[in-house]
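Numbering-wise, our numbering comes out as the position in the sequence shown, counting from 1, plus 22. C-beta: ideal position from N, C-alpha, C; glycine also. Beneath this line is the structure, given in structure tokens, with notes to follow.
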Amino acid sequence: MDSQKKQALIEQAFNAQANAHAPYSGFQVGAAVLSDNGQIHAGCNVENAAYPLGQCAEATAIGTMVAAGGKGIKAIVIASPSDELCFPCGGCRQKIAEFAHDDVAVIMATRTGTIKQVSIGELLPYAFRNTDLTHR
Numbered sequence: 023m024d025s026q027k028k029q030a031l032i033e034q035a036f037n038a039q040a041n042a043h044a045p046y047s048g049f050q051v052g053a054a055v056l057s058d059n060g061q062i063h064a065g066c067n068v069e070n071a072a073y074p075l076g077q078c079a080e081a082t083a084i085g086t087m088v089a090a091g092g093k094g095i096k097a098i099v100i101a102s103p104s105d106e107l108c109f110p111c112g113g114c115r116q117k118i119a120e121f122a123h124d125d126v127a128v129i130m131a132t133r134t135g136t137i138k139q140v141s142i143g144e145l146l147p148y149a150f151r152n153t154d155l156t157h158r
């Protein structure tokens, strides 16, 4: 992925972060997905008074991608609301792996400009995938 596309993803993730609904934690997260068709889809976390019903930014961005017809993830950015990197939770790692090959970039960005890039395979080795559902 070229640096211009990467920067666009980071910007979209931070733009989405500004709209996060996080009245309980105050921890606003944004995410942006580059889909297999070259489109960028952004999302933010949406908390709920019934805590388990909240949704992470990554899940929102992936849902937006799917609703727009995207079938696969080429890269994803997670925008932290602080100076610390914000890695995706276990559930979001699984959601990313549903649409991404092991080598797909997962990029974490902080407010102060720190960026760390790893692959989804590094974040979720031995991911449970659709191929695991085949009967042998």
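Leaving out five residues on either side along the sequence, give the residues of the same chain with a beta carbon under 7 Å from the beta carbon of residue i.
i      : result
LEU107 : MET130, THR132, THR136, LYS138
ALA44  : GLN50, ASN67, GLU69
ALA30  : ILE62
ASP125 : SER141, GLY143
In whole angstroms, what is the alpha-carbon distance linking residue i and residue j?
i      : j      : result
MET23  : SER141 : 13 Å
ASP58  : PHE36  : 21 Å
ALA71  : VAL88  : 26 Å
LYS93  : ALA53  : 17 Å
LYS28  : ILE95  : 14 Å
ALA122 : ASN41  : 26 Å
ILE109 : THR156 : In the sequence under discussion, the amino acid at residue 109 is Phe, which differs from the Ile named in the question. Whole-angstrom Cα-Cα distance: 30 Å.
Ignore the nearest five residues each way along the sequence and tell me which others in residue i's own chain have a CB closer than 8 Å to its CB.
i      : result
ARG115 : ILE142, LEU145, LEU146, ALA149
ALA81  : GLY65, GLY113, CYS114, LYS117
ASN152 : GLU120
ALA90  : SER57, GLN61, HIS63
Out of the options, point me to the one whose CA is closest to residue i's CA.
i      : options                       : result
CYS111 : ALA79, ALA54, ARG151          : ALA79
SER102 : GLU33, ASP154, PRO74          : GLU33
THR86  : PHE109, LEU75, ALA38          : ALA38
GLN26  : ASP154, THR134, ASN152, GLY60 : GLY60
SER47  : TYR73, ALA40, LYS28, ASN41    : TYR73
Confirm, please, whether the CB-CB distance from residue j to residue i is below 8 Å.
i      : j      : result
ILE100 : VAL51  : yes
ALA64  : ALA83  : yes
ASP154 : THR134 : no
So, at 6 Å on beta carbons, what are the nonlocal neighbours of residue i in its own chain, with the 5 sequence-adjacent residues on each side left out?
i      : result
ALA127 : ALA97, GLN139
Can you check the region 44–70 for any beta strand (DSSP E) of at least 3 residues that lies completely inside it and give the ranges in chain order?
-> 52–57, 62–66
Beta strand (DSSP E) runs wholly inside the region 98–150, at least 3 long, in chain order = 127–131, 137–141
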